[in-house]
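In this note's numbering, the protein residues as written are 1416 to 1548.
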Amino acid sequence: MLHQTGLDPRRLDLEITESDVFNENTRSLEILSQLREQGIQISIDDFGTGYSSLSRLSYFPFDKIKIDRSFVINIPEQKDDLDIVRLIISMGKSLHMRIVAEGVETEEQLASLQALGCDLVQGYLIGKPSPLR
1416 MLHQTGLDPR RLDLEITESD VFNENTRSLE ILSQLREQGI QISIDDFGTG YSSLSRLSYF
1476 PFDKIKIDRS FVINIPEQKD DLDIVRLIIS MGKSLHMRIV AEGVETEEQL ASLQALGCDL
1536 VQGYLIGKPS PLR
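What follows is the structure in structure tokens.
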């Protein structure tokens, strides 16, 4: 498909949820590794909501961790959520991954995430989804 469209594989980011990949299926790891070798970015989506095994996270070929909005929505007011986000960012950085926070809706959330070293954000503060043209 990449060859047919001429799309540079580095511009493609495949998002996979924890529950889709953190199972005992070694075939998933093989496929993700092959896609990454072609230059496709691999992101783990909705991180923190599934059955992730932190010890196995480093074995999967992820480029980005996308922090689920359920952790972002209550920061900076909710200290527990802020601590969880801080830990996810720290862990991701130590594994050389970029960090994306989902569901950013306020300037306070954005400022907190920037202070914690989050790389990218998504949410209504930045822009609402729009239809294809």
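Heads up, the beta-carbon is just placed ideally off N, CA and C, and yes, glycines get one too.
Problem - Check whether L1472 and I1459 have beta carbons under 9 Å apart - result: Translated into positions along the sequence shown, residue 1472 becomes position 57. Translated into positions along the sequence shown, residue 1459 becomes position 44. The answer is yes: Cβ separation under 9 Å.
Exercise for the section: Look at the alpha carbon of P1491 and the alpha carbon of Q1529, and state the distance between them as a whole number of angstroms. Expected result: The residue you call residue 1491 lines up with position 76 of the sequence shown. The residue you call residue 1529 lines up with position 114 of the sequence shown. Each residue's alpha carbon lies about 12 Å from the other.
Exercise for the section: Have a look at V1436 and E1522 and give me their C-alpha separation to the nearest angstrom. Expected result: In the sequence shown, residue 1436 corresponds to position 21, counting from 1. In the sequence shown, residue 1522 corresponds to position 107, counting from 1. Distance from the CA atom of V1436 to the CA atom of E1522, rounded to whole angstroms, is 33 Å.
Problem - Collapsed DSSP secondary structure at D1483 in the structure displayed - result: If you number the sequence shown from 1, residue 1483 lands on position 68. Reduced to three states, the DSSP call for D1483 is coil.
Handout entry: K1481 versus E1452, A1526, G1518, residue with shortest Cα-Cα distance
Key = Your numbering for residue 1481 matches position 66 in the sequence shown. That would be G1518, whose Cα lies nearest to the Cα of K1481.
Problem - For T1420, the three-state DSSP class (helix, strand or coil) - result: Numbered from its first residue, the sequence shown carries residue 1420 at position 5. For T1420, the three-state secondary structure derived from DSSP is helix.
Practice task
Helix, strand or coil for D1428, going by three-state DSSP, please let me know.
Solution key: For the purposes of this step, residue 1428 is taken as residue 13 along the sequence shown, with counting starting at 1. The answer is strand: DSSP assigns D1428 an E or B state.
Exercise for the section: Determine, using beta-carbon pairs with one atom in the segment 1440-1460 and one in the segment 1422-1429, whether at least three such pairs fall under 8 Å. Expected result: The segment 1440-1460 makes contact with the segment 1422-1429, as at least three CB pairs between them are under 8 Å.
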